[in-house]
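The sequence shown begins at 75 in this note's numbering and counts up by one. Okay, structure first, notes after.
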Amino acid sequence: MAELLKHIYNTSFFDTYADALADVIPTFDKSIFLLSFHTAHWASLELKQRMAFLAHTTAKILPVGYQDKVKTILRLIEALQKRGVKRSEPGIYLSGRYHHRIWIG
C-alpha cells in the first residue's frame, strides 16, 4: 500500500526545517518547536490540517513586522536550499521523494 501523503511531514522534514529556522532566527529553540509536532493531536491530523498547523506554528516564531517576516522567510528559503531542498516551481520545494510546500501562513 502506498504511503499517505500526510507523512511527508516526517522526522527528516522537521529536522531539515527546524535546522533552517535555527539558522535564520537567533532565538529559535529547535527542541520546543519539535515538541509541538510529537503529540497525539499531530498524529490524528490529515494533510491539510498538518499544513495549517505547521504554518500557524511557524507564524508564531516569525518576527512581528511584515517586512521582517518577509526577510526572514526569504532567508529561510535560502537556508533550506543550502540543505539540499530544491525549488521546482513557485511555492514547491523538492527534498528527497516528497514535495514540500512553503508558504506564509
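Just so it is clear, CB atoms sit at the ideal spot from N, CA and C, and this is done for glycine as well. Since we're looking at a predicted model, the values are computed, not measured.
Can you name, in chain order, every residue of its own chain whose Cβ lies under 7 angstroms from the Cβ of residue i, other than the five neighbours on each side?
{"i": "Ala96", "result": "Phe102 and Lys104"}
{"i": "Ala117", "result": "none"}
Below 7 angstroms between beta carbons: does that hold for residue i and residue j?
{"i": "Leu109", "j": "Phe88", "result": "no"}
{"i": "Lys80", "j": "Leu121", "result": "yes"}
Could you check how far apart the C-beta atoms of residue i and residue j are, in whole angstroms? I think they sit under 8 angstroms.
{"i": "Thr146", "j": "Leu136", "result": "6 angstroms"}
{"i": "Thr90", "j": "Arg149", "result": "Between Arg149 and Thr90 the Cβ distance is about 15 angstroms, and since that is not below 8 angstroms, they are no contact."}
Give a single yes or no on whether residue i has its beta carbon closer than 6 angstroms to a heavy atom of the ligand ZN.
{"i": "Ile147", "result": "Inclusion of the ligand ZN in the displayed structure is not the case, the ligand content being empty and no account of it being possible."}
Using C-beta distances below 6 angstroms, list every residue in its chain close to residue i, excluding the 5 sequence neighbours before and after it, in chain order.
{"i": "Val98", "result": "Thr146, Arg149, Leu150 and Ala153"}
{"i": "Lys143", "result": "Leu136 and Pro137"}
Looking at the structure shown, is residue i part of a helix, part of a strand, or coil, going by DSSP?
{"i": "Lys80", "result": "helix"}
Please return the same chain residues whose Cβ sits closer than 8 angstroms to the Cβ of residue i, not counting the five positions on each side in sequence.
{"i": "Leu119", "result": "Lys80 and Phe127"}
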